[in-house]
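For reference, the structure is listed below as structure tokens.
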Amino acid sequence: MNKKLAAALSGGAVLVLTLSGCSSDDNSDKVNAWAKKVCDQVQPQLQKIANANAAIQQQTADNSKPADVQKTDSAAFQQISQAYKALGTAVDSAGAPPVDGGEATHKEAVKELNASSAAYGNLQKKVDELETKDQAKFADGLKGIADELNKISTSGDEALKKLQSGEVGTAMAKQKGCQKPTASTPPKASTEPSKAPSASPSKKA
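Below, the structure is given as structure tokens:
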């Protein structure tokens, strides 16, 4: 039931982590310092996104109860929305990278991160509104959400790609904080009746 959603999420939720590992000795100290400032703040948010993704992946069994899937997915989308908001704040607070065209690229990247935060917040609302008593209707609703998730994942990240290109991208790729994290295994949502545990950011890798 939740497999399409999980596949869509894994396809594009973590966008600041697609950095190649290439290196260059030509990076200036200023660019490296900027990359470190951003990446040091980015890592906790990337971990939250990875954990939320893992929670949805875990709740993909065909016999999963709609209510459990809804709880897990809602908490995951909320967590991803908050993480993107924090990523936008981190990039914004770092200021423009010290490269040609850095100010314009920086502004657009912050705008896109905030837009992604809003988009995932909207997906959370849609998940919360799904009918869980009718499994067929719920599955159809999830399919629609997965389609929207695909659109979010495959569009609107041009400024971020540009931010991660050239000298700045090389500098960011060197920073441990901008490397893709390994998700910590979240507990199953059905074991916690009050709140989906996958939403907790306290779980560390």
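In the working numbering, the protein residues as written are 1 to 205. Here a beta-carbon is modelled for each residue, glycine too, at the ideal position from N, C-alpha and C. This structure is a prediction, so every number in the text was calculated from the model and none was measured.
Rounded to whole angstroms, what is the Cα-Cα separation between T170 and A33?
Stepping through the sequence shown from its first residue, residue 170 is reached at position 170. Stepping through the sequence shown from its first residue, residue 33 is reached at position 33. Between T170 and A33, the C-alpha separation is close to 12 Å.
Relative to the alpha-carbon of Y84, which residue among A35, A67, Y120 and V69 has its alpha-carbon at the smallest distance?
Taking the sequence shown and counting its residues from 1, one reaches residue 84 at position 84. Taking only the C-alpha atoms, the option nearest Y84 is Y120.
Specify whether the stretch 40 to 54 and the stretch 106 to 119 touch according to this definition: at least 3 beta carbon pairs, one from each stretch, less than 8 Å apart.
no
Please name the residue in D140, Q124, K162 and G141 whose C-alpha comes closest to that of Q82.
Counted from its first residue, the sequence shown places residue 82 at position 82. Selected option, being the one with the closest Cα: Q124.
Does the stretch 128 to 137 touch the stretch 53 to 62, meaning 3 or more C-beta pairs lie closer than 8 Å?
no
How should G177 be labelled, buried or exposed, when 16 other C-beta atoms within 10 angstroms of its C-beta is the threshold for buried?
Within the sequence shown, residue 177 is the residue found at index 177, counting from 1. By the neighbour-count rule (16 or more Cβ atoms within 10 Å), G177 is buried.
Drop a sphere of 10 angstroms on the beta-carbon of C22, count the other beta-carbons inside from all chains shown, and report buried for 16 or more, exposed for fewer.
As a working note, residue 22 is residue 22 in the sequence shown. Legend: pLDDT at C22 = 37, less than 50; position of this residue unreliable, value from coordinates given subsequently. It is exposed - the Cβ of C22 has fewer than 16 other Cβ atoms within 10 Å.
Please determine, among Q79, D68, V91 and A55, the residue with the shortest C-alpha to C-alpha distance to L163.
Residue 163 sits at position 163 when you count from the first residue of the sequence shown. Comparing Cα-Cα distances from L163 to each of Q79, D68, V91 and A55, the minimum goes to V91.
Does DSSP put N2 in a helix, in a strand, or in coil?
The residue given as residue 2 occupies position 2 in the sequence shown. Coil, per DSSP.
Taking T89 as the reference, give the member of K37, G102, Q70 and Q78 with the closest Cα.
As a first step, residue 89 is located in the sequence shown; it is residue number 89 there, counting from the start. It is K37.
Using three-state DSSP, classify D134 as helix, strand or coil.
Numbered from 1 along the sequence shown, position 134 holds the residue referred to as residue 134. Here D134 sits in coil by DSSP.
Between which two residues does the alpha helix (DSSP H) holding K30 run?
Translated into positions along the sequence shown, residue 30 becomes position 30. From DSSP, the alpha helix (DSSP H) with K30 extends over D29 to Q58.
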